[in-house]
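Structure first, commentary second.
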Amino acid sequence: MAQASARHILVDSEAKCQQLKTEIEGGRDFAEVARENSSCPSGKQGGNLGSFGPGQMVREFDEVVFSGELNKVHGPVKTQFGYHLLEVTDRK
């Protein structure tokens, strides 16, 4: 079964999500931005979600995590929780 590792940042608006993506693409550290801005408890660990398989996260997550480019910031991705930036760090 496929497995992936990813980290994410969760915020409540698309505009905030896009602003943070711009900051990361401009050179800010993803983990630092996650610790400062993410409303998800994983933010304390720099947004690290660990390893998981298909179906363990919401559908919108799975679509990006299991098909998106590795080590690239994806998003904003809208889910019922808010807006996410996702970075797939590994996939097997």
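For what it's worth, UniProt numbering labels the leading residue of the sequence shown as 1, then goes sequentially.
The C-beta atom is built at its ideal place from N, Cα and C for all residues, glycine as well.
What first and last residue would you give for the beta strand (DSSP E) that runs through residue i?
i   : result
K21 : From DSSP, K21 is part of no beta strand (DSSP E) but of the alpha helix (DSSP H) over E14 to E25.
R35 : Careful: R35 lies outside any beta strand (DSSP E), inside the alpha helix (DSSP H) at F30 to N37.
L10 : A4 to V11
G53 : Taken as a continuous stretch (DSSP letters only), G53 belongs to no beta strand (DSSP E), as it is neither H nor E.
On the DSSP bridge assignment, give the partners of residue i in chain order.
i   : result
G82 : T79
S42 : According to DSSP, which records beta bridges pairwise, S42 is partnered with nothing at all.
N71 : Per DSSP, none; premise fails for N71.
Taking a contact to mean a Cβ-Cβ separation below 8 Å, would you say residue i touches residue j in this structure?
i   : j   : result
S39 : L10 : yes
F30 : V73 : yes
N48 : R91 : no
G55 : D62 : yes
A15 : S51 : no
L85 : C17 : yes
Span of the alpha helix (DSSP H) holding residue i?
i   : result
R59 : R59 to V65
Pull up the distance between the alpha-carbon of residue i and that of residue j, whole angstroms please.
i   : j   : result
Q45 : R28 : 16 Å
E25 : G75 : 12 Å
M1  : Q80 : 26 Å
N37 : G43 : 7 Å
K21 : Y83 : 11 Å
S13 : V33 : 15 Å
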